[in-house]
Structure formats: C-alpha cells, structure tokens
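Colleague: Residue numbers (our numbering): 5 to 585.
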DNA sequence: GGCTATTGCAA
DNA sequence: TATTGCAATAGCC
C-alpha cells in the first residue's frame, strides 16, 4: 500500500481509546477491502504513538497518521461537520444513517461486548471487524453524497466549511495532542484537605439532624432525601417544586435561608444550620469529586499532561465543547475553586509560562454591531466600562457617580439581554421583585432602543423562516418559535435571541484560532496553543517568546472579524492557570 | 449497566 | 422561572 495514495481516505471506525481504523470511504458491506494492508501499515504507527491509549477521537489519529506521512483526510469527521452545519445537531453516524438513509447500523457494543468482558477494538479479529468497518465506510460515503450538495447549495455554509470548520480541525487536533501539564501534587494535597473538611461538615450535619431523624440515615448527596428532611421532617417552608419533590439547589436554599432569617414565625436556628451545612458540603464535595479527584486520573502517563477532547459538532450555536475532561468549566470564582486552576502549570517554569488572551465583552460587542444601537456602540467606542456606562444611562447619573449597586443591576441586564431576558429572570438575578425587574427592562430598552428593535426583528425573522443565523450565516433551526404554548414559544424565542450573539462570538473565536495557529507555525515559535474556553485562549510559551506572542495575539485576535466596534483583547500570564496577571 | 433527574462548574 | 456546554451522584429499571 502506498501511504501517499490520494484515494486513501481516512475514516474513523470504532474509537476504542486511541484506536481508529481506516478504510476507504464508499466500500460497501461485504465488498473486498484492503483492510489487512491498511492495518499492517497503520497499526504499528498507532502502537508506537507516544500518547498510547489515551482517550482520543478520530481526528487525533488522523493527524498522527499525517505526521507519519500518510495522507489521510477524515471524511467521517468532515461529514459530521457538514451534518452539523445543516442543523443535524448532536447525532452521530449511526443516528444519521438511520434518519437520513433509513439504514440501521449495528452498534459496536455487539462486537466488543460490554462490562467486564469488554475488549478494546484493536483486539477484535479482522474477519469480525471487516463488515463493521465496511458499514461505517459505506454509510459515511453515502451520507457525504447527501450532505455535500446541500452544503454547496448555500454559499454561506460552503464558506463556513472551507474557511472556518475545515481549517479549524488541525488546530484543535494540535491542541489535543499538545495537552496541558498538570501538577498532580497540588491536587493530591487538596484532596486530603478537602476530605477532612468534608468529614467535619458531614459530622456537623448529622449532629444537627440527629434528633429529628433519630437513627434514620440521610444521604446528604441525595436531593430526594434532603427534600424529605428539610420539608417533611423539619417542616421548613417549601421551595419551588421539582418532579421528585422540592428543590434543594443552591438558589432554593439561599431563598429558604433568607426566609428563615427574616420571618420570626419560621425562625429556626436549626433550619439555618442545616441549610448552611448542606451548602458548605455541596461546595466542597463538588470540587473534590468533579475536579480534584478526577483530574489526576486523566493525566496521560506518557506525557504527564491532560489531553482534553474538543468537540466541533456538539453545540447548537457553533461553540466548541470540551470533554474527557471538560477544561472549559474549571473553577475560578471562589478561592477554593481557583486553587484547582493552580494545578494547571507551565512546563519547566519559570523558563516557560502560561499565557492567556481573552476577548473583552465579546458578546456585548457583537450585540452592538448586530443591533447598531447608537448608545451601545458609543459606549464601546469611548472605551467605557460597559456595565457602568449602561448604569449611567439607565439611572440617569454621570458615569463617575454610578455606585456598585447600580452597576450590579446594569450588569444583570447586559447579561440578561444576551440570554433573552424576562422580568422573572431579572428579578431572580437582582433580588428585586418581578415588578421591579420589569421596570429595569423597560428603562434598559428605553436607553437602548436599537437593541429592542433588533430583538424584535430577530424574533420576527425567526417566526417567518423557522431559523436564526449568525453574522456569517451559521444557522440554528427554531421550529417551536410559532408554538401556541407560551412556555415552549418563550424558550424558542430565548434560543433565537441568544444564538446569533453567542454563535457570532464563537465564529470569531474559531477564525482567531486559525489565524493565531497559522502565525505560530509561520514564525516557527515554540509557543503552543493549549486551551480554548469560549472567549479565552491559553498558551504555553518560553519567556523569550512572550513579547512576540503577545504582539501576535493582539494582532490576530482583533483582526478575526471586522465589526463596527473594535474587538478588545486582554492578556495575562503566569506560572499557573490560577495565578496570572 | 443504561437511563433520567438534580445539581453545579464555566463562558 | 436567562443561553451554551459536561459531569457527578442518586435512584430506578
């Protein structure tokens, strides 16, 4: 087999961890395949890859083969991207085959088994694997022939495909392969500390509830059991209903607490104590189970790094998502949480550092451009703090007389407008009444009439077309926009409002990543792009390249898209992701 | 073990 | 009863 054969088209089949097999697209079930030949060549390369069996997706393998001079194109992934652009969100090859082609495909589980007896795919005998590989190849080929013309039919989608999604693939793969270094010592130490704290809080919790429940055990991790405890045993005032009981989430518990504090009749030292203990337990337990204890197990022993997976076809708005682990939701807002970020480190500090560049208020800038609201545009052009500027307008005071409460409220409105605000949402976020929430919205739109008109326009267009789109024409279908059901329609309207804003911001970031990646290569820098967190890019960089990298991202990120407001980029750097300035 | 519900972390 | 994600635990089948 000639490794550079142009018609060897890569196709991921059965992603056992770190293992994908490649067969030419278009082969049908039962046809003769040169699978043995392909495997003979590809398998040793995969076995020898330094990252070994670390969990990765097909593109990871594709690029690995490309690095070894095998000219593969991952048509499987390309087809999924096309399907995604066409609005087929969140479904894989098997579902697409069923939905689009009416073909039922046998799940891999049938071949490799499940549970303890499960084997990885590279141990499946070749005779057994061949028909499955052929089925994947066949379906992918047929799906491509369905989707390709549909994409070509729409100029915007063709451009998104050729100028954005396809060039982004190798960027994401490089980031996945590079990984980020993690100091597991920091995490192990934290785990011990948190364990003690958890034991202590749980013990206090048991003491507090002992008299009420006697010998009965309450699992503090079970919302159902907590609901019974708080609202049946302790008789506390009800929170909002869920399907299984009363809500015990942090919001509900905070509300409950304030009612227990304010209301003399319900005054309950014991109740307040239990609620506080649950809240504290939850905070620590969440951190420990989701991050502190989980992350060390995700470090690849060969690289000492965590290699997240980036999903290019996972979201309805065009965002990239991250999994295994998700590095887009590592804590930062509390000091305890930020400590987790400190475990993400530069290699060989201080010769190397981590560097982070983020778009400042990208979604509000996008909104200013899309809505052309004069007030919002002007505020950005003046370079003002946007929430203070909004507060200044809303409350009719000079910007230097805006106090923190006014700014807080304005900030809620600015965020709210991106999410499709409601009077109720605003009241929840601000702590004011629904009535006052409604008044805030009214004065907000009075000052930003362009935003109001824009939102009405988006909704009208959505009702007409059943879809909304970003500035570059990425679409999201919103069929329920015309639902007679108030709740269903309302939800669709909020999605319709949010998608063009969030999606345009996501498009900008994708273009920026392609530009920055290209420049890093062109200038042969050792700096590497590691993470994307929606509006932020994280790099590792040798100190002597720091200034170059800074100039580079300040050049490329704002230039990703030309809007009527400039795209501002902030940067910070340090030895860990947790302490940067 | 697969599925749903609840909860909570990020932008 | 604000948008987009991913993931942990409980609890059911």
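In this text, a Cβ means the ideal position worked out from N, Cα and C, and glycines have one as well.
1) Is the beta carbon of residue 499 less than 8 Å from the beta carbon of residue 517?
2) Look at the alpha carbon of residue 580 and the alpha carbon of residue 341, and state the distance between them as a whole number of angstroms.
3) Taking all protein chains shown into account, do 16 or more other C-beta atoms lie within 10 angstroms of the C-beta of residue 34, making it buried, or fewer, making it exposed?
4) In whole angstroms, what separates the C-alpha of residue 423 from that of residue 431?
5) Confirm, please, whether the CB-CB distance from residue 169 to residue 85 is below 8 Å.
6) Mind checking residue 511: buried by the 16 CB within 10 Å criterion, or exposed?
7) Can you tell me whether DSSP reads residue 313 as helix, strand or coil?
8) Check whether the segment 327 to 334 and the segment 472 to 490 are in contact - that is, three or more C-beta pairs closer than 8 Å.
9) Rank 190, 335, 186 by C-alpha distance to the C-alpha of residue 291 and give the top, closest one.
10) Residue 353: which of 544, 425, 572 sits nearest, CA to CA?
11) With C-beta atoms as the reference, is residue 180 less than 8 Å away from residue 90?
12) Note the first and the last residue of the continuous alpha helix (DSSP H) segment covering residue 448.
13) Identify whether residue 34 lies in helix, strand or coil by the three-state DSSP scheme.
14) Let me know if residue 110 comes out buried or exposed under the rule of 16 or more other beta-carbons within 10 Å of its beta-carbon.
15) Excluding five sequence neighbours on each side, which residues of the same chain lie with their C-beta closer than 6 Å to the C-beta of residue 574?
16) What does the Cβ neighbour count give for residue 185, buried or exposed, with the cut at 16 atoms within 10 Å?
17) With C-beta atoms as the reference, is residue 520 less than 8 Å away from residue 571?
18) Residue 576 lies in the beta strand (DSSP E); which residues open and close that run?
19) Does DSSP classify residue 246 as helix, strand or coil?
20) List the whole-angstrom C-beta distance separating residue 379 from residue 452, where the pair is believed to meet the contact cut-off of C-beta under 8 Å.
21) Taking three-plus beta-carbon pairs below 8 Å as touching, is the segment 393 to 404 in contact with the segment 214 to 230?
22) Identify whether residue 484 lies in helix, strand or coil by the three-state DSSP scheme.
23) Alpha carbon to alpha carbon, how far is residue 385 from residue 567?
24) Could you give the DSSP three-state label for residue 98: helix, strand or coil?
25) Which same chain residues end up closer than 7 Å to residue 210 when comparing Cβ atoms and leaving out the 5 residues on each side of it in sequence?
Modeller: Let me lay it out:
1) With contacts defined by Cβ atoms closer than 8 Å, residue 499 and residue 517 do not form a contacting pair.
2) Taken atom to atom, the span from the alpha-carbon of residue 580 to that of residue 341 is near 14 Å.
3) Note that residue 34 scores a pLDDT of 42, beneath 50, so its modelled location is shaky and nothing firm can be said.
4) Approximately 14 Å, taken between the alpha carbons.
5) The Cβ-Cβ distance between residue 85 and residue 169 falls below 8 Å.
6) Under this definition residue 511 is a buried residue.
7) Per DSSP, reduced to three states, the secondary structure at residue 313 is strand.
8) Taking a cut-off of 8 Å for Cβ pairs, the segment 327 to 334 and the segment 472 to 490 do not touch, as fewer than three such pairs fall below it.
9) Per the Cα distances, 335.
10) It is 544 whose Cα lies nearest to the Cα of residue 353.
11) In this structure, residue 90 does not lie closer than 8 Å to residue 180 by Cβ.
12) Here the alpha helix (DSSP H) through residue 448 covers 438 to 451.
13) In this prediction, residue 34 scores a pLDDT of 42, lower than 50, which makes its location untrustworthy; no coordinate-derived value is stated.
14) Burial call: exposed.
15) 362, 364, listed in sequence order.
16) Answer is buried; the Cβ neighbour count reaches 16.
17) Taking 8 Å as the Cβ cut-off, residue 520 and residue 571 do not qualify as a contacting pair.
18) That run of the beta strand (DSSP E) goes 573 to 578.
19) Looking at residue 246 - three-state DSSP - the assignment turns out to be strand.
20) Contact holds; Cβ gap of about 5 Å.
21) At 8 Å Cβ cutoff, the stretches do not touch.
22) DSSP places residue 484 in helix when its eight states are reduced to three.
23) So the two alpha carbons sit approximately 12 Å from each other.
24) Here residue 98 sits in helix by DSSP.
25) Cβ within range, chain order: n/a, list empty.
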